[in-house]
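In this note's numbering, the protein residues as written are 18 to 135.
As structure tokens, then:
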């Protein structure tokens with residue numbers, strides 16, 4: 018079990034290093050919209066490895082978040098298939114790395130809580 022968890026963490030590090038979006042199919046427009054929304058505090062990273070809407074957000078932004086989350090889900094399923102961990106464990110391992118890269122003032126949502134500003 019520890020070996021599988023470490024494998025998931027290593028793969029999560031790899032995904033985070035190249036950007037989860039690069040590992041999944043995302044449009045440049047979706048990435049730009051989400052990056053701007055993260056800087057504005059409208060979108061944040063969640064401890065499950067997915068993006069979430071902190072507050073507000075129009076239909077176009079919600080579609081961009083959904084597009085990126087769909088790509089992340091596919092990446093986590095791929096990791097799970099290759100390592101024997103669950104997609105949830107792969108997402109959480111990646112989320113830890115994404116959190117470490119958040120800029121001050123950006124939002125993070127732990128598994129057991131509400132939105133927090135870094």
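All residues carry an ideal CB built from backbone N, CA and C; glycine is no exception. None of these values were measured; they are calculated from a predicted model.
| Check | Outcome |
| --- | --- |
| Assigned secondary structure, residue 124 (DSSP; H/G/I helix, E/B strand, else coil) | strand |
| Expected contact under 8 Å - CB spacing of residue 43 and residue 85 to nearest Å | 5 Å |
| Cα-Cα separation between residue 103 and residue 128, rounded to whole angstroms | 16 Å |
| Inter-stretch contact at 8 Å, needing at least 3 Cβ pairs: the stretch 116-131 / the stretch 79-94 | no |
| Minimum C-alpha distance to residue 111 - residue among 63, 98, 52 | 63 |
| For residue 90, the nearest candidate out of 55, 74, 47, 109 (CA to CA) | 109 |
| Residue 61 - partner residues in DSSP beta bridges | 69, 124 |
| Inter-residue spacing [alpha-carbon to alpha-carbon] between residue 52 and residue 117 | 16 Å |
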